[in-house]
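In the numbering used here, the protein residues as written are 32 to 514.
For each residue, glycine too, the CB sits at the ideal point set by N, CA and C.
Notes to accompany the following structure.
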Ligand SMILES: Cc1ncc(COP(=O)(O)O)c(C=O)c1O
């Protein structure tokens with residue numbers, strides 16, 4: 032078997048892998064252009080791709096400068112992990128190949144799960160936002176994914192930030208973001224948090240009850256208040272109305288109370304009430320923008336705003352998108368660490384026999400980690416095979432078996448996927464991939480059983496937006512921000 036040896040800057044030791052492990056891939060389309068003993072890459076729409084006929088390769092050494100993904104200026108922010116180039120597929124594969132190298136060296140953490148975060152996807156979402164909602168300024172909901180690169184990129188692109196705690200505010204202000212670009216969008220805050228927000232200059236904040244007004248009057252009397260009204264969220268996956276939002280009937284009373292306390296109400300979520308006594312009105316249309324429905328949602332919103340607010344002079348509109356920006360930008364690779372036959376209890380559901388899983392796979396991230404989004408954000412995990420039997424090439428004709436996928440902890444609630452078709456030939460050591468893992472994943476992950484939160488490999492991406500991301504971040508850093 033031919034061997035390929037690739038020298039990288041990170042990890043410092045050479046990566047060695049069998050040529051069969053990097054067999055041709057549909058998604059990266061490696062054309063067998065030449066029979067040579069050197070490995071070369073070309074840059075295309077999808078990023079970097081190998082151009083050799085891999086089956087002909089002998090041992091090969093690449094220097095760091097030859098290797099895609101390693102740039103001279105990849106340490107824009109010295110305090111952060113490196114920022115690589117290239118399509119996320121490449122970094123998923125690199126991570127998997129690296130894991131086999133580490134496993135061969137008996138590294139105890141060899142095959143840890145890892146994310147690949149593609150910042151150009153965040154950038155492309157921002158362009159989509161600007162194209163569809165040019166008059167609505169996004170205040171990124173930090174809670175969704177306070178990733179240090181995402182925050183820097185969005186700060187560099189001029190977004191505002193929706194923060195829900197002092198910790199989030201500190202994180203954002205530490206990047207050099209002006210406090211006027213922050214809304215403290217938590218209607219029920221600790222008094223000390225309100226006071227601290229005032230001290231650091233964050234004035235814009237939401238409320239939905241009279242106690243909060245009394246608190247703000249004491250702790251931050253110059254705050255710019257936004258009344259959060261209760262909306263119909265029955266069609267949302269996460270109904271927040273059970274916890275937050277003032278019923279419309281209570282709003283006039285709240286506005287009167289604010290006036291009595293000499294507080295300044297500058298805006299409202301969705302509906303500007305009659306008690307808004309500042310000429311520069313703020314309308315905050317919140318978050319919840321879904322990637323797949325974005326263009327339609329934006330069109331409906333634009334139409335509604337035009338209808339309800341025909342005269343928008345002195346009118347500022349903001350939104351608090353979270354998942355829209357980051358969900359699709361992060362993918363997770365998880366290793367199959369164990370496999371077994373189902374327990375008889377697993378057959379006690381109502382599913383028809385053909386839908387019952389006949390094999391259980393255990394992977395090294397679960398609902399106590401990145402997949403907490405299944406419990407807290409009502410998401411469904413959809414695994415696909417990243418590598419099987421040391422190959423990235425998975426034939427469409429692979430026979431499938433209904434399988435269940437479980438996390439690594441000792442708790443039986445730790446189920447990632449109850450029933451999904453996966454190749455019957457899948458074995459311990461193979462890798463599963465999960466797309467759309469950027470929203471409400473690591474930020475709420477625990478370390479139950481002392482399983483570490485999966486780390487992120489960052490890339491500027493390989494296609495459109497990659498150079499724009501790198502330039503925006505480099506400019507931001509050159510201004511002295513986020514270092
Ligand atoms: C006040 C507020 N704004 C914005 C968001 C972001 O929502 P999404 O990530 O669905 O856009 C949330 C999510 O919980 C929220 O509570």
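C-alpha distance - residue i paired with residue j, whole-angstrom precision
i	j	result
residue 471	residue 352	13 Å
residue 392	residue 259	44 Å
residue 469	residue 487	10 Å
residue 154	residue 249	41 Å
residue 147	residue 473	12 Å
residue 435	residue 197	40 Å
residue 9	residue 417	Any property of residue 9 remains undetermined from this structure, which presents the chain solely from 32 to 514.
residue 263	residue 344	28 Å
residue 164	residue 506	25 Å
residue 332	residue 448	35 Å
residue 166	residue 498	26 Å
residue 156	residue 162	10 Å
residue 224	residue 215	10 Å
residue 550	residue 279	Here the chain has residues from 32 to 514 only, and residue 550 is not among them.
residue 240	residue 289	10 Å
residue 442	residue 398	10 Å
residue 295	residue 175	29 Å
residue 217	residue 271	12 Å
residue 422	residue 369	19 Å
residue 121	residue 479	31 Å
residue 314	residue 213	15 Å
residue 364	residue 465	7 Å
residue 181	residue 330	26 Å
residue 485	residue 415	18 Å
Exposure of residue i, with buried meaning 16 or more beta-carbon neighbours within 10 Å
i	result
residue 336	buried
residue 139	exposed
residue 52	The predicted position of residue 52 is uncertain, since its pLDDT is 33 and thus under 50; no value can be drawn from it.
residue 490	buried
residue 18	Since the first residue of the chain shown is 32 and the last is 514, residue 18 is not available in this structure.
residue 194	buried
residue 137	exposed
residue 36	Low confidence applies here, because residue 36 scores a pLDDT of 35, under 50, leaving its location unreliable; read the following figure in that light. Counting Cβ neighbours within 10 Å, residue 36 comes out exposed, since fewer than 16 surround it.
residue 261	buried
residue 327	exposed
residue 284	exposed
residue 293	exposed
residue 341	exposed
residue 123	buried
residue 324	exposed
residue 511	exposed
residue 320	buried
residue 481	exposed
Nearest residue (CA-CA) to residue i, options the options
i	options	result
residue 18	327, 316, 320 and 360	Nothing can be reported for residue 18, as the shown portion of the chain is limited to 32 through 514.
residue 125	480, 145 and 181	145
residue 322	294, 272 and 158	158
residue 406	389, 445 and 424	445
residue 426	457, 437 and 439	457
residue 318	397, 170 and 500	170
residue 300	287, 282 and 291	282
residue 354	106, 178, 496 and 253	178
residue 356	160, 238, 464 and 234	160
residue 358	467, 334 and 338	467
residue 277	219, 297 and 180	219
Contacts around residue i, its chain only, beta-carbon distance under 6 Å, and the 5 residues preceding and following it disregarded
i	result
residue 366	142, 395 and 462
residue 229	251
residue 492	149 and 151
residue 173	192, 194 and 199
residue 500	150, 151, 154 and 491
residue 226	250
residue 62	Unreliable placement is indicated for residue 62, whose pLDDT of 31 sits below 50; the coordinate value is still reported in the next sentence. Within the same chain, residue 62 has no close Cβ partners at all.
Own chain partners of residue i with C-beta closer than 7 Å, once the 5 adjacent residues on each side are dropped
i	result
residue 134	141 and 142
residue 503	184, 187 and 188
residue 232	210
residue 419	425, 454, 456, 457 and 461
residue 496	151, 154 and 155
residue 389	373, 432 and 433
residue 334	none
residue 255	234, 235, 295 and 297
Own chain partners of residue i with C-beta closer than 8 Å, once the 5 adjacent residues on each side are dropped
i	result
residue 168	190, 191, 347, 348, 349 and 350
residue 403	471, 472, 475, 476 and 477
Residue i Cβ short of 8 Å to ligand 3 heavy atom set
i	result
residue 205	You won't find ligand 3 in this model; what it holds is ligand 1.
Three or more C-beta pairs below 8 Å linking the region 416-434 and the region 447-463: Touching, yes.
So, does the region 237-246 touch the region 195-207, judging by three or more C-beta pairs under 8 Å? No: fewer than three Cβ pairs fall under 8 Å.
I want to know whether the region 107-115 touches the region 410-428 - three or more CB-CB distances under 8 Å. In short, these stretches do not touch, since the Cβ pair count stays below three.
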